[in-house]
Structure formats: C-alpha cells, structure tokens
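Notes follow the structure.
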Amino acid sequence: MEVATPPFIIEYDLRPNRLFVEYLIYPKEVFGMLWSGYKLELFIGLVVSVLTVVLGWRWSKSLVSNLRYPKWYWRPVIAVLVVAIGVLGARSSLGHRPMNPAMVSFSSDPLMNDLALNSSYSVIFAAKQMGSEANAFEFYPKMDKQLVIDEVRASMTVSPEDFISDEKPSLANHVATYQGAPKNIVILLMESHGARYVKSLGGIDVSPNMDKLINEGWAFTRMYATGTRSVRGIEAVTTGFSPTPARSVVKLGKSQNNFFSIAGLVEKSAVPTTQFIYGGESHFDNMKSFFLGNGFVDMQDLPTFSDPKFVGSWGASDEDLFNKADEQFTQMAKEGKPFFSLVFTSSNHSPFEYPDGVITQYNEPKQTVENAVKYADYALGQFVEKSLKNSPYWDNTVFVVVADHDARTQGTNPIPVEYFHIPAIIFGGGIEARKDDRLLSQLDLAPTLLSLAGISSQNPMIGFDLTKDVPVDKQRAMMQRDKNFGWLTPNNQVVVLQPGQDITTYQYDSVTHKMTPLQLEESIVTRAHANAMWGSLAFKENYYTAQKSYEIGKISHFINCK
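Below, the structure written as structure tokens:
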C-alpha cells in the first residue's frame with residue numbers, strides 16, 4: 001500500500017482514501033488507465049509485493065522453527081498482556097474515544113495531516129466511513145436544524161411568498177425569464193478543464209476555442225466548481241444539490257431513483273427526450289444507474305458509437321463524442337422533438353490519450369494534461385464552428401460549456417481556492433455576448449438554464465437564476481475538498497469547516513493564493529455553516545425528492561426516496 005502512495009499523492013495531493021476502494025469495481029477503466037500511464041509504478045509495486053511475500057514467508061518460517069513455549073503459569077499473564085496491548089494499539093488512545101484522523105490533525109494542509117497516518121489505515125478508515133456517510137451531518141460543529149433551514153432560505157434569491165412547503169423547505173416557485181416556447185438545453189461538461197488552462201481567465205494559452213466562446217457568449221469569469229471529482233460536478237449541474245462531506249448523490253444508494261434532477265423536471269414539463277452522451281462506458285462512477293433512475297431516458301455511450309476515430313483507456317475521443325452529439329441533436333430536431341442532453345467529455349483524463357497529428361503540442365511528452373486540454377479544446381471548437389452554428393437546432397437551443405472540476409487539486413491550504421476556478425459560458429442563438437463578473441457556483445447553472453429555456457417550475461434548487469439580479473451580499477461559492485468545506489465571499493473571505501475541528505476563517509489573496517487567518521463577521525460564518533450542513537440535512541430528511549408535477553400552481557405530490 002505504501003508503494004502505491006507516492007503516485008496517488010502526486011495525482012490527488014492526499015494519501016490513498018476511499019477513491020482507492022470505490023474504483024476497484026471498475027477494473028477495465030482503472031487497470032487500462034494504470035497500464036497506459038503508470039507502467040513503472042505497477043512494476044515497482046509488483047516487485048515490492050513479491051519481495052514482501054517471499055521475505056515475509058522466510059522470516060515467519062524462521063520464527064516458527066525457533067519458537068520457545070513459556071511455562072504454563074506464565075501463559076495467562078502473557079495472554080492478558082497481548083490482549084491489552086492489542087486493544088490499546090487498536091484504540092491508540094486512553095481517552096473515551098479511539099484515535100481517528102481528526103485527533104492527529106495539526107496543519108491547515110490536508111496532506112500534512114494525512115502523512116501522520118499510514119495508507120492502509122487511511123484506506124480502511126475511509127472504507128468504514130463509506131458505510132455510514134449518509135450521516136455526514138455529524139462531521140461539522142452542531143447547528144440547530146431550523147437555523148440551517150432559515151439561513152439557507154435567506155441565502156437564496158427567492159421571495160418569502162414563493163416558498164411553498166415546510167415539508168420541503170427549499171421548494172419554491174421559479175418563474176422563467178424567457179416566456180416563449182420551451183427551448184432545448186445542452187450541457188457540455190468538460191473533463192478537468194480548470195480556469196488555469198484558459199488564457200482569458202488568467203491561465204496558460206491552451207484553450208483558444210474556449211477563449212473565443214468567452215468573447216461570443218455569456219461568460220462567467222468567477223465561476224467555481226463545487227468539488228474535485230466528476231461526480232461532484234455532475235451532481236451540481238444536473239441536480240443543483242449542495243456539496244457534502246459524503247460521496248456525491250450520483251453514488252449514494254438512497255438517491256438512485258426519485259431524486260430531483262433537471263432532467264426529471266424537463267421530462268415531466270415540456271421536453272420528452274432527456275439523454276446522456278458519453279464516450280466511455282456509462283456505468284462508470286454509477287452514472288447510468290443514477291441517470292436512468294432520475295429522469296434521463298436515453299443513454300448514448302461507447303457501445304452505441306459506430307466506428308469511432310480513436311478509442312483510448314476512457315473511451316472514444318472527444319471528436320467522436322461531439323460527432324455523436326451532433327448526430328443525435330440533428331435527428332431529434334428533424335423529428336421535432338425538444339431535448340435535454342448532458343454531453344460529458346473524457347479525453348482530458350489521465351493517461352491523457354488523444355489522436356495523433358491533430359494539434360500542435362504545447363509541451364513534451366505527448367501525453368500531458370496541457371496537451372490533452374488543448375486537444376479537448378480543439379474538439380470543442382470544431383463542434384461549435386462546424387456543427388452547432390450551422391445546425392437546424394442552433395437558434396432553439398441553450399448551450400452551456402462548463403468544466404466538471406480542475407485537473408489536480410493541490411496546495412497547502414485546507415481549501416485551495418484557485419483550483420476550484422473553472423470556465424463556464426452560456427451560448428446559442430439569442431444569447432448576447434457579455435462577461436459576468438459576479439461570484440458564482442456550478443449550482444447556479446441549472447436554475448439559469450431552465451429560465452433561459454422558458455421552463456417555469458416549482459423546484460428545490462438553492463442556486464441563483466442568473467438572468468435576474470443577485471445582490472452582492474448573497475453571492476458565494478461552495479467548495480468541497482474531500483471532507484473540507486469552503487465558503488468564498490465576493491471580497492475573497494473564506495470560511496472553512498473541517499471534520500472534528502473549529503470553524504476557521506481567512507482572507508484569500510487571489511494573486512499569491514495565500515490564505516491569512518482573519519476574524520469574520522458572525523453572520524458570514526453562520527451563513528456558511530448553515531449551507532455546509534444543508535446538503536446532508538436535505539438528503540437525510542428527503543427534502544430533495546422528485547415530484548409528480550413541477551408545474552407552478554399545482555399541489556406537489558412528493559415521491560419518497562427509498
């Protein structure tokens with residue numbers, strides 16, 4: 001396990017954790033990725049494992065052959081001592097609680113705290129937590145349930161009279177800004193495409209097509225991801241659900257059906273065709289199960305692709321993916337079927353495989369994140385310029401391109417804010433070009449897309465409809481890094497919640513990325529604390545279940561999540 005630790009730390013900036021266990025159920029994708037990009041690490045791991053078994057066997061054999069038995073009257077004493085030492089070793093503490101990671105935390109850098117543990121313990125502890133993580137409400141300092149609800153409602157841009165249910169506290173009427181015939185909605189979710197790879201957002205120059213879209217569409221310059229994994233991004237853009245210290249709702253058992261999603265909303269409202277288009281296997285990360293149980297009716301993944309140009313460890317290339325998307329959209333437009341589609345890219349994922357001879361490499365060797373980003377951007381540009389703008393569905397579709405998260409989240413800060421900054425642009429026929437400098441979250445995209453598409457509804461999303469005014473004092477970003485929750489304000493003040501620790505507050509410098517301890521107003525801390533608790537409370541109390549009808553003015557009938 002320790003041999004596998006260095007490459008895991010390089011990738012995730014943490015010791016092996018629950019990801020080490022979660023992804024073992026996807027051997028094809030995981031071992032394909034390892035074989036393509038980590039041959040040396042696999043070889044070293046194999047050699048060390050074999051040596052450990054061989055040397056361990058020889059050593060244990062020597063011990064057994066030289067074993068001496070104590071006299072009978074010493075044996076009970078030794079047995080008691082062995083049991084006592086075993087219990088003390090397991091507890092690692094004389095206190096009323098056994099040792100846990102929070103008790104050895106000493107630094108604001110999560111990796112420093114992880115290094116105090118060993119990787120086997122880290123993985124086993126994470127696996128144990130996975131069985132009870134629906135109770136993640138217990139991770140942070142306690143807060144009264146009603147105060148959580150009141151603060152979350154106050155943080156929304158919904159008038160008090162528009163809240164319609166005490167049973168579902170965030171459920172409210174949301175009237176769309178656009179009042180014409182409902183439009184199609186397409187979400188282009190870009191794998192690991194952080195703002196540091198977009199020149200217009202202060203990054204390196206590997207995304208010229210994204211830069212062009214930023215100048216042509218409605219670009220959000222201060223958009224932040226809710227997490228560091230794809231399923232967290234999917235959770236945010238398809239359900240508007242707040243991040244929690246638990247796993248994404250995409251993976252939790254209770255949310256596998258009858259959980260709110262905008263696919264389920266539009267499918268019951270005005271858009272009969274809801275689909276997921278992905279170049280890999282849709283069962284990965286439990287996506288297929290979650291989607292089919294929550295409003296998506298059509299899965300277009302690798303087995304449905306005919307003669308893809310390039311297939312890597314994670315599936316068909318992004319060019320193949322976008323060709324498939326255009327094929328699907330064109331067919332539905334010809335049939336007169338309104339549609340909602342989530343298109344998820346995968347080329348920009350370790351081991352960063354993409355077709356030869358398509359782009360001019362940014363650096364060497366070929367398979368780097370910068371080159372993979374440049375290829376993904378190239379595929380996006382070809383899709384927009386050659387397909388979307390010349391399509392029969394361009395004028396009747398609202399598109400958004402947004403990253404699911406950044407590539408690698410690193411740094412010594414408990415919440416490395418700079419690695420949550422992502423690009424997000426809404427575009428399409430009728431969308432005016434403008435740059436929006438408000439501080440925003442991925443959670444705000446789903447309500448905004450519904451408003452632009454002309455779909456009024458009653459729904460439980462707490463995100464903002466960005467077609468309307470958002471007061472500065474309500475603007476925020478929510479960020480979850482493993483068990484750490486961060487709340488960012490427009491003036492770069494940060495509230496951080498960590499398991500088993502007091503709430504800490506900082507001033508963030510967006511240039512140096514340094515976080516300096518700073519005492520903040522109690523109202524800001526309370527608002528952040530409540531929103532950190534909301535997701536877990538809403539999940540536990542079934543505040544986010546699907547409805548039989550989302551139409552404004554109708555009595556809601558809730559579908560319970562079992």
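Quick note on full-length UniProt numbering: the sequence shown kicks off at 1 and runs consecutively. Glycine included, every Cβ here is placed at the ideal spot set by N, Cα and C.
Query: Val3 versus Tyr121: straight-line alpha-carbon distance, rounded; Result: 14 Å
Query: Rounded separation between Tyr178 and Ala532 - CA only; Result: 32 Å
Query: Backbone secondary structure at Pro392 - three-state DSSP; Result: coil
Query: C-beta contact flag for Asp114 and Arg15 at 7 Å; Result: yes
Query: DSSP three-state assignment for Lys261, whether helix, strand or coil; Result: A quick correction: the sequence has Ser, not Lys, at residue 261. Residue state, collapsed to three classes: coil.
Query: At least three beta-carbon pairs within less than 8 Å, the region 330-345 to the region 270-282; Result: yes
Query: Residue burial classification, Pro423 (beta-carbon count within 10 angstroms, cutoff 16); Result: buried
Query: Within 7 Å, strictly: CB atoms of Val152 and Trp534; Result: yes
Query: Paired residues, beta bridge with Val311 - DSSP; Result: Ala316
Query: Contact set for Lys483: own chain, Cβ-Cβ below 8 Å, skip 5 residues either direction; Result: Phe139, Pro245, Gln498 and Pro499
Query: Spatial distance of Gly357 from Val401 (CA atoms); Result: 25 Å
Query: Per-residue burial, Arg56 [other beta carbons within 10 Å of its own, 16 or more giving buried]; Result: Checking the displayed sequence, the identity of residue 56 turns out to be Gly instead of Arg. It counts as exposed.
Query: Touch test, the region 451-461 against the region 541-552, Cβ-Cβ under 8 Å, three pairs minimum; Result: yes
Query: Alpha-carbon to alpha-carbon, Asn258 and Val206; Result: 41 Å
Query: Three or more C-beta pairs below 8 Å linking the region 409-426 and the region 210-229; Result: yes
Query: Whether Asn184 touches Asn323 by CB criterion (7 Å); Result: no
Query: Closest residue to Asp473 among Ile431, Ser523 and Met515 (Cα-Cα distance); Result: Ser523
Query: Segment limits, beta strand (DSSP E) that includes Gln493; Result: Gln493 to Leu497
Query: Whole-angstrom C-beta distance between Leu439 and Arg476, which should lie under 8 Å; Result: 6 Å
Query: Own chain partners of Phe296 with C-beta closer than 6 Å, once the 5 adjacent residues on each side are dropped; Result: Ala263, Thr274 and Phe276
Query: Beta strand (DSSP E) segment containing Arg438, residue limits; Result: Arg434 to Ser441
Query: Within 7 Å, strictly: CB atoms of Leu518 and Tyr508; Result: no
Query: Beta-carbon gap between Phe444 and Phe420 smaller than 7 Å; Result: The question names Phe, yet the displayed sequence has Asp at residue 444. No, they are not a contact pair.
Query: Extent of the continuous beta strand (DSSP E) to which Thr467 belongs; Result: Here Thr467 belongs to no beta strand (DSSP E), and DSSP marks it neither H nor E.
Query: Residue range of the unbroken beta strand (DSSP E) whose run includes Gly486; Result: Asn484 to Leu488
Query: Whole-angstrom C-beta distance between Asp437 and Arg222, which should lie under 8 Å; Result: 6 Å
Query: C-alpha gap between Pro182 and Trp394, whole angstroms; Result: 14 Å
Query: Beta-carbon proximity of Phe290 to Val250, cut-off 7 Å; Result: yes
Query: Beta-bridge partners of Ser457, as assigned by DSSP; Result: His174
Query: In chain order, each beta strand (DSSP E) run of at least 3 residues that lies wholly inside the region 225-294; Result: 273-278
Query: Candidates Trp74, Ser119, Tyr26 and Gly32: closest to Pro6 by CA position; Result: Ser119
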